[in-house]
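**Q** Following this message is one structure expressed as structure tokens.
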Amino acid sequence: MTDRQTGRIPHERSSPGLFTLGGRYVAEREIAQGGMGVVYAGRDALLQRPVAIKVLRLEPGRESRDEFLREARAAAALRHAHIVDVYDAGVERNLPYIVMEYVSGETLRDLLAREGPLEPARAALLAAQIAEALDYAHRQGVVHCDVKPGNILLSPEHGPKLVDFGIARAGASADDGSIAGTAAYIAPEVVAGGAIDGRADVYSLAAVLYELLTGQPPHLERDLAEMIARRERRQPLPPDERNPAVPHELSALVMRALEPDPTRRFATAAEFAAALRAFSEGVTRRIARPVAPVTPSTDQATEVMPRPLAAAPRAKRRRAPLALGMVAVALVAVVVGAAALLRLGLPGGTGTVMVPEVINQRVDAAAERIHSSGLQVASPVELVSNPAPLGTVIGQEPPPNTPVKRGTGVHLTVSTGP
375 MTDRQTGRIP HERSSPGLFT LGGRYVAERE IAQGGMGVVY AGRDALLQRP
425 VAIKVLRLEP GRESRDEFLR EARAAAALRH AHIVDVYDAG VERNLPYIVM
475 EYVSGETLRD LLAREGPLEP ARAALLAAQI AEALDYAHRQ GVVHCDVKPG
525 NILLSPEHGP KLVDFGIARA GASADDGSIA GTAAYIAPEV VAGGAIDGRA
575 DVYSLAAVLY ELLTGQPPHL ERDLAEMIAR RERRQPLPPD ERNPAVPHEL
625 SALVMRALEP DPTRRFATAA EFAAALRAFS EGVTRRIARP VAPVTPSTDQ
675 ATEVMPRPLA AAPRAKRRRA PLALGMVAVA LVAVVVGAAA LLRLGLPGGT
725 GTVMVPEVIN QRVDAAAERI HSSGLQVASP VELVSNPAPL GTVIGQEPPP
775 NTPVKRGTGV HLTVSTGP
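With the numbering used here applied, the sequence shown corresponds to residues 375 to 792, in that order.
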């Protein structure tokens, strides 16, 4: 016998724990409950390892049961340092259940309740790790659909881990028009009922980061019904206006990811992760002043995936499919590393030289020209999202043709692409 409304399964005297599912997963104690079900700490009696068992509250018919199992299989195929492993899933006694890696520690919701807003660099790094996990899942054709503080576990050993991939989607019904997600974090296009892709998760993660920085989510609708009534969302106050301790650079990144129009957000979770890591690692990112016209990139936005579980073909890109985070780090390493070496070989003399013009040049060529003029590349290099092609210098200080002392450092602003 089961309680279909709560997802609880009554104690069984024949079981050494509370109950056993699948003939091997023994639930020992309840550890959490939420809108989708109840979570138990337990053990796998066959492999003798700790597990977490989530019993869902939905009562599936054949179609929704099949959808749940499809979502569970897709989640079980994901292997990432910041995603909770899924071991098994099934339907027993008319209730679906999912067996996962047991993570000791608290949720991000618990941390927020205890500490309030986090230090900006810490919040940005935590969000960057989750964005990297989302990017990995998106590349496998899986969209989470319910990124929120309660679905981010904080492992003392491994940092943040995202849980419950696809469970919210499995609970939604196309027949009754229900939608997947949590009101405070759901993307507008999900509410509108259209096809979604990974940018919906980018929006939700940005809403989580907003709460990490300010202590409250960007939107305060009480439930999904209230959000559907509003339909078109307006952007909230920027985080730095709610909390003056938030740097404007980080606030701007969050607001871009919270754009109601998906085409105005970061195109992928990888781009969002790269921007957040650049901030958290101390690389200043700000809006670049206008520069000379350059040829715009022709990169395609992430392809919409009406059925996220079927790995949709990805559009070919002009450049190699290297994550922007790696590109950003590589750009800094090339320029700063080259600068360190070039300082050892700067032409002698103590006179005055003219600063060369390197705007619109590739960063490596610009560094070589600066060195040949008797100057050096200043560190750190500033990385900015811009229509100019990846690796193009879009700003310099001092300006071209400025007389400066030999050996002076030239600060460069480099594009990471649109």
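Every residue, glycine too, gets a C-beta built ideally from N, C-alpha and C.
Keep in mind that this is a model prediction, so the values were computed, not measured.
Rounded to whole angstroms, how far is the Cβ of L650 from the Cβ of A502, which I believe are closer than 8 Å?
**A** On the sequence shown, residue 650 is found 276 positions in, with the first residue counted as 1. On the sequence shown, residue 502 is found 128 positions in, with the first residue counted as 1. Contact holds; Cβ gap of about 4 Å.
**Q** Leaving aside the five residues before and after N525 along the sequence, list all residues of the same chain whose C-beta is less than 7 Å from its C-beta, in chain order.
**A** Here the question's residue 525 lines up with position 151 in the sequence shown. For N525, where only same-chain residues beyond five positions count, the Cβ hits under 7 Å are L536, V537, D538.
**Q** V784 and I744 look like a contact to me (Cβ under 8 Å); what is the Cβ gap, rounded to whole Å?
**A** Here residue 784 is taken as the residue at index 410 of the sequence shown, counted from 1. Here residue 744 is taken as the residue at index 370 of the sequence shown, counted from 1. Contact flag correct, Cβ pair sits at about 5 Å.
**Q** Using the Cβ count rule (16 or more neighbours within 10 Å means buried), how would you classify K779?
**A** Counting from one through the sequence shown, the residue named residue 779 turns up at place 405. Under this definition K779 is an exposed residue.
**Q** Taking the beta carbon of T394 as the centre, do at least 16 other beta carbons fall within 10 Å, making it buried, or is it exposed?
**A** As a first step, residue 394 must be located in the sequence shown, where it is residue number 20. Buried, by the Cβ-count rule.
**Q** Does the distance from the C-beta atom of G769 to that of V751 stay below 9 Å?
**A** Here residue 769 refers to the residue found at position 395 of the sequence shown. Here residue 751 refers to the residue found at position 377 of the sequence shown. Not a contact, by the Cβ cut-off of 9 Å.
**Q** Ignore the nearest five residues each way along the sequence and tell me which others in R398's own chain have a CB closer than 7 Å to its CB.
**A** By one-based count along the sequence shown, residue 398 stands at place 24. Excluding positions up to five away in sequence, the list reads D418, A419, L420.
**Q** By DSSP, does H785 sit in helix, in strand, or in coil?
**A** Taking the first residue of the sequence shown as 1, we reach residue 785 at position 411. In this structure, H785 counts as strand in the three-state DSSP scheme.
**Q** Assign S478 to buried or exposed, taking buried as 16 or more other Cβ atoms, counted over all protein chains shown, within 10 Å of its Cβ.
**A** The sequence position of residue 478 within the sequence shown is 104, counting from 1. The residue in question, S478, is exposed, as its Cβ has fewer than 16 Cβ neighbours within 10 Å.
**Q** Strictly by DSSP, which residues pair up with T766?
**A** If you number the sequence shown from 1, residue 766 lands on position 392. Paired residue(s): R736.
**Q** Within the same chain, show all residues whose beta-carbon is closer than 6 Å to that of L492, passing over the 5 residues directly before and after it, in chain order.
**A** Residue numbering aside, residue 492 sits at position 118 when the sequence shown is read from its first letter. Taken in chain order, the residues that qualify are L586.
**Q** Which residue wins for smallest C-alpha separation from P772, given the options T782, L764, T766, P763?
**A** Taking the first residue of the sequence shown as position 1, residue 772 is located at position 398. Of T782, L764, T766, P763, the residue nearest in Cα terms is T782.
**Q** Can you name the residues that DSSP bridges to A415?
**A** Within the sequence shown, numbered from 1, the residue matching residue 415 stands at position 41. For A415, which the question treats as bridged, DSSP gives the partners R403, A426.
**Q** Who pairs with M728 in a beta bridge, going by DSSP?
**A** As a working note, residue 728 is residue 354 in the sequence shown. Looking at the DSSP assignment, M728 forms a beta bridge with P777.
**Q** Name the one or two DSSP bridge partners that S753 has.
**A** Residue numbering aside, residue 753 sits at position 379 when the sequence shown is read from its first letter. S753 pairs with nothing; no bridge assigned.
**Q** So the beta strand (DSSP E) M474 belongs to, where does it begin and stop?
**A** In the sequence shown, the residue the question calls residue 474 occupies position 100. It spans 469–475 - the beta strand (DSSP E) in which M474 sits, taken as one unbroken run.
**Q** Starting from D459 and walking both ways along the alpha helix (DSSP H), at which residues does that stretch end?
**A** Along the sequence shown, read from residue 1 onward, the residue named residue 459 stands at position 85. From DSSP, D459 is part of no alpha helix (DSSP H); its letter is neither H nor E.
**Q** If you draw a straight line from the C-alpha of R605 to the C-alpha of P634, how long is it?
**A** Residue mapping note: residue 605 aligns to position 231 of the sequence shown, counting from 1. Residue mapping note: residue 634 aligns to position 260 of the sequence shown, counting from 1. Its pLDDT being 45, under 50, R605 is placed unreliably in this model, and the value from its coordinates should be taken loosely. Their backbone Cα atoms lie some 11 Å apart in a straight line.
**Q** How big is the Cα-Cα spacing for V788 and V755?
**A** Position 414 of the sequence shown, counting from 1, holds the residue named residue 788. Position 381 of the sequence shown, counting from 1, holds the residue named residue 755. So the alpha carbons of these two residues sit roughly 7 Å apart.
**Q** Tell me which same chain residues have a C-beta within less than 8 Å of the C-beta of Y461, skipping the five on either side of it?
**A** What you label residue 461 is simply residue 87 of the sequence shown in a count that begins at 1. Closer than 8 Å at Cβ, skipping near neighbours: D418, V425, A450, V473, M474, E475.
**Q** Please return the same chain residues whose Cβ sits closer than 6 Å to the Cβ of L499, not counting the five positions on each side in sequence.
**A** As a working mapping, residue 499 is identified with position 125 in the sequence shown. The answer, listed in chain order, is S654.
**Q** Identify every residue that forms a DSSP beta bridge with T588.
**A** Residue mapping note: residue 588 aligns to position 214 of the sequence shown, counting from 1. T588 pairs with nothing; no bridge assigned.
**Q** Less than 6 Å between C-beta atoms, sequence neighbours within five positions excluded: which residues of the same chain meet that for R663?
**A** Along the sequence shown, read from residue 1 onward, the residue named residue 663 stands at position 289. Note that R663 scores 35 on pLDDT, short of 50, meaning its location in the model is unreliable and no value can be drawn from it.
**Q** Taking just the CA atoms, how far does A406 sit from A480?
**A** By one-based count along the sequence shown, residue 480 stands at place 106. By one-based count along the sequence shown, residue 406 stands at place 32. It is worth fixing the name first, because residue 480 is Glu in this sequence and not Ala. Going from the Cα of E480 to the Cα of A406 covers about 11 Å.
**Q** Tell me, which residues are paired with V758 by DSSP?
**A** For the purposes of this step, residue 758 is taken as the residue at position 384 of the sequence shown. Beta-bridge pairing links V758 to S789.
**Q** By DSSP's criteria, K535 is part of a beta bridge. Which residues make up the other side?
**A** Within the sequence shown, residue 535 is the residue found at index 161, counting from 1. L527.
**Q** Considering only their Cβ atoms, is the gap separating A643 from A505 smaller than 9 Å?
**A** Here residue 505 refers to the residue found at position 131 of the sequence shown. Here residue 643 refers to the residue found at position 269 of the sequence shown. Yes, these two residues count as a Cβ contact at 9 Å.
**Q** Taking 9 Å as the cut-off, decide whether the C-beta atoms of R431 and V412 are in contact.
**A** Position 57 of the sequence shown, counting from 1, holds the residue named residue 431. Position 38 of the sequence shown, counting from 1, holds the residue named residue 412. Yes.
**Q** If you draw a straight line from the alpha carbon of K428 to that of D520, how long is it in whole angstroms?
**A** If you number the sequence shown from 1, residue 428 lands on position 54. If you number the sequence shown from 1, residue 520 lands on position 146. In a straight line, the C-alpha of K428 is about 16 Å away from that of D520.
**Q** Using 9 Å as the threshold, is the C-beta distance between D614 and L624 below it?
**A** As a working mapping, residue 614 is identified with position 240 in the sequence shown. As a working mapping, residue 624 is identified with position 250 in the sequence shown. Yes.
**Q** Under the three-state reduction of DSSP, which class applies to T556: helix, strand or coil?
**A** Position 182 of the sequence shown, counted from the start, is the residue given in the question as residue 556. T556 falls in the coil class under three-state DSSP.
**Q** Return the CA-CA distance between L786 and V767, expressed in angstroms with no decimal places.
**A** Counting from one through the sequence shown, the residue named residue 786 turns up at place 412. Counting from one through the sequence shown, the residue named residue 767 turns up at place 393. L786 and V767: Cα-Cα distance of roughly 7 Å.
**Q** Between which two residues does the alpha helix (DSSP H) holding F653 run?
**A** Position 279 of the sequence shown holds residue 653. Note, F653: alpha helix (DSSP H), 643–654.
**Q** Using three-state DSSP, classify E480 as helix, strand or coil.
**A** Locating residue 480 in the sequence shown gives position 106, counting from the first residue. Three-state DSSP puts E480 in a strand.
**Q** Taking the straight line between their C-alpha atoms, what separation do you get for L611 and P592?
**A** Within the sequence shown, numbered from 1, the residue matching residue 611 stands at position 237. Within the sequence shown, numbered from 1, the residue matching residue 592 stands at position 218. Approximately 8 Å, taken between the alpha carbons.
**Q** What is the DSSP secondary structure of V620, reduced to helix, strand or coil?
**A** Within the sequence shown, numbered from 1, the residue matching residue 620 stands at position 246. Three-state DSSP puts V620 in coil, outside helix and strand.
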